[in-house]
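In what follows, a structure is listed as structure tokens, so that the remarks can point back to it.
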Amino acid sequence: MALVSLRNVTKAYPPAERGGAPVVAVDDVSLEIEPGDVYGIIGYSGAGKSTLVRLVNALEPATGGTITVDGREITALPERDLRAVRLEIGMIFQQFNLFNSKTVEGNIAYPLLVAGWPKPKIAARVAELLAFVGLADKAKNYPDQLSGGQKQRVGIARALATSPKLLLADEATSALDPETTGEVLALLKRVNREFGVTIIVITHEMDVIQSIATKVAVMDGGRVVESGDVFDVFSAPKQASSARFVSTVVKGVPSPAEVAVLRERHEGRLVTLSFRDGDASQASVFLELARAGVEFELVYGGINDIQGRAFGHLTLALRGPDASVQAALAAVADRIDVTEVA
Ligand SMILES: Nc1ncnc2c1ncn2[C@@H]1O[C@H](COP(=O)(O)OP(=O)(O)OP(=O)(O)O)[C@@H](O)[C@H]1O
Numbered sequence: 000m001a002l003v004s005l006r007n008v009t010k011a012y013p014p015a016e017r018g019g020a021p022v023v024a025v026d027d028v029s030l031e032i033e034p035g036d037v038y039g040i041i042g043y044s045g046a047g048k049s050t051l052v053r054l055v056n057a058l059e060p061a062t063g064g065t066i067t068v069d070g071r072e073i074t075a076l077p078e079r080d081l082r083a084v085r086l087e088i089g090m091i092f093q094q095f096n097l098f099n100s101k102t103v104e105g106n107i108a109y110p111l112l113v114a115g116w117p118k119p120k121i122a123a124r125v126a127e128l129l130a131f132v133g134l135a136d137k138a139k140n141y142p143d144q145l146s147g148g149q150k151q152r153v154g155i156a157r158a159l160a161t162s163p164k165l166l167l168a169d170e171a172t173s174a175l176d177p178e179t180t181g182e183v184l185a186l187l188k189r190v191n192r193e194f195g196v197t198i199i200v201i202t203h204e205m206d207v208i209q210s211i212a213t214k215v216a217v218m219d220g221g222r223v224v225e226s227g228d229v230f231d232v233f234s235a236p237k238q239a240s241s242a243r244f245v246s247t248v249v250k251g252v253p254s255p256a257e258v259a260v261l262r263e264r265h266e267g268r269l270v271t272l273s274f275r276d277g278d279a280s281q282a283s284v285f286l287e288l289a290r291a292g293v294e295f296e297l298v299y300g301g302i303n304d305i306q307g308r309a310f311g312h313l314t315l316a317l318r319g320p321d322a323s324v325q326a327a328l329a330a331v332a333d334r335i336d337v338t339e340v341a
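Heads up, the sequence shown is in numbering that gives the first Met the number 0, so the first residue is 0 and it goes up one at a time.
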């Protein structure tokens, strides 16, 4: 059974002006998140990602549809029961949201105090969490004495305090440098693997999806336009709007401005060859072009790795008799995707 299930969920905010149209932040979204998933939610700014997470966390009520978390239909629960649900869902934020007036251990203990745990039990749990996130020596420090990465590790410890089954991460690494991002992602991976915590990550960063997500949903205009395995969605997006977003984060797809520069610099026909793990090898494709007497130059490209599976896009400038180029491309197109550069 799915841990989180959304059926036709909608969130409309009242119009900003009297008589105006409501703002539909989430529009008829259905998603199933299985236990153990690290589920990425991606999309441009304003797509509705944060709103969706606030609905799952019961911080805001949906205006339509049903949301079920761990077997409980939260869209049908009264406010007094939602407090208990919220305590079972951990959340981490871009700006960490720590209490600056409390020490590291005070921050981590906070949700346990709210949940009414006895003091000795809290102390033992806090010590365990500090060890897990590698901050045992910082227990008595205050947040402003910590680096960004350390603050987020405190955020993770606090979110895990009550042993939630679900952790929501809203742009949790967006304020961190690449190295620190890597450390925090490695920690989240351990949270998922060692404790079996299901994680929903909202992000606009490819690195995050690439290194930890197993499934992904692409949002655009409040809707989920495509969802599935990360490799499938990123290597061969099916919808035009997800392809547009994916092309902004994957390596190897030239932007329109880059295409203009390539056109100026290179003669001949420009085509992008898209390779996916399991398709024809690059060597066999290049051999085909050479055999047909087509001269080619690699002018743009990149290979991406998603959990050990590679895909990428290589743009070539092709020169040779038109008929030879055409025949070679036709042969190659049987095995991999070939796109004429517009
Ligand atoms: N409390 C609110 N009242 C009115 N409109 C809102 C409210 N919260 C969000 N919206 C609107 O809902 C839409 C979706 O916003 P949301 O913050 O969920 O998008 P997002 O994909 O998370 O974007 P970002 O990455 O910039 O945070 C936007 O048009 C936003 O202006």
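Note that the Cβ used here is the ideal one computed from N, Cα and C, for glycine as well. Only a predicted model underlies this, so the values are computations on that prediction, with no experimental measurement involved.
How is the beta strand (DSSP E) around residue i delimited, first residue to last?
i: F92; result: 88-92
i: E257; result: Element bounds for E257: not the beta strand (DSSP E) but the alpha helix (DSSP H), 255-264.
i: V252; result: No beta strand (DSSP E) contains V252, which DSSP labels as neither H nor E.
i: I199; result: 197-201
i: T67; result: 63-68
i: Y38; result: 37-41
i: E31; result: 22-32
i: A316; result: 308-318
i: E339; result: 336-339
Starting from residue i, follow the alpha helix (DSSP H) in both directions and report where the run begins and ends.
i: Y109; result: 103-113
i: E127; result: 118-131
i: L328; result: 321-332
i: R290; result: 281-290
i: V55; result: 48-55
i: D169; result: That residue, D169, is in no alpha helix (DSSP H); its beta strand (DSSP E) goes 165-169.
i: V232; result: 229-234
DSSP three-state call for residue i: helix, strand or coil?
i: L184; result: helix
i: K214; result: strand
i: L297; result: strand
i: S241; result: helix
i: K10; result: strand
i: S146; result: coil
i: F274; result: strand
i: L76; result: coil
i: A135; result: helix
i: L81; result: helix
i: V153; result: helix
i: L384; result: The chain is shown only over 0 to 341; residue 384 falls outside these bounds and no answer can be derived.
i: L159; result: helix
i: G222; result: First, the amino acid is wrong: residue 222 is Arg here, not Gly. Strand at R222.
i: R268; result: strand
i: R71; result: strand
i: N140; result: coil
i: S44; result: coil
Let me know if residue i comes out buried or exposed under the rule of 16 or more other beta-carbons within 10 Å of its beta-carbon.
i: S254; result: exposed
i: E193; result: exposed
i: M90; result: buried
i: V113; result: exposed
i: E263; result: exposed
i: M0; result: exposed
i: P13; result: exposed
i: P110; result: buried
i: Q149; result: buried
i: P163; result: buried
i: D80; result: exposed
i: D219; result: buried
i: Q306; result: exposed
i: F274; result: buried
i: R152; result: buried
i: K237; result: exposed
i: L286; result: exposed
i: E104; result: buried
How about residue i and residue j: are their beta carbons less than 9 Å apart?
i: V248; j: H312; result: no
i: L269; j: V298; result: yes
i: T271; j: L315; result: yes
i: I211; j: K250; result: no
i: I335; j: D278; result: yes
i: E225; j: S246; result: no
i: A156; j: V207; result: no
i: G42; j: V25; result: no
i: T102; j: A61; result: no
i: V28; j: L51; result: yes
i: I40; j: A216; result: yes
i: V331; j: V284; result: yes
i: L2; j: P34; result: yes
i: A326; j: A291; result: yes
Check whether the Cβ of residue i sits closer than 8 Å to any heavy atom of ligand 3, and report yes or no.
i: Y38; result: No copy of ligand 3 occurs in the structure displayed; its ligands are ligand 1 alone.
Would you please verify whether the beta carbon of residue i is less than 9 Å from any beta carbon of chain B?
i: A168; result: Among the chains in the structure shown there is no chain B, since it carries only a single protein chain.
Does the pairing of the region 229-249 with the region 66-84 give three or more beta-carbon distances under 8 Å? Because the criterion of three Cβ pairs below 8 Å is not met, the region 229-249 and the region 66-84 do not touch.
Answer yes if the region 139-146 comes into contact with the region 184-201, meaning at least three C-beta pairs across the two stretches below 8 Å, and no otherwise. no
Tell me whether the region 56-70 and the region 79-87 touch, counting them as touching only if at least three CB pairs, one residue from each stretch, are closer than 8 Å. yes
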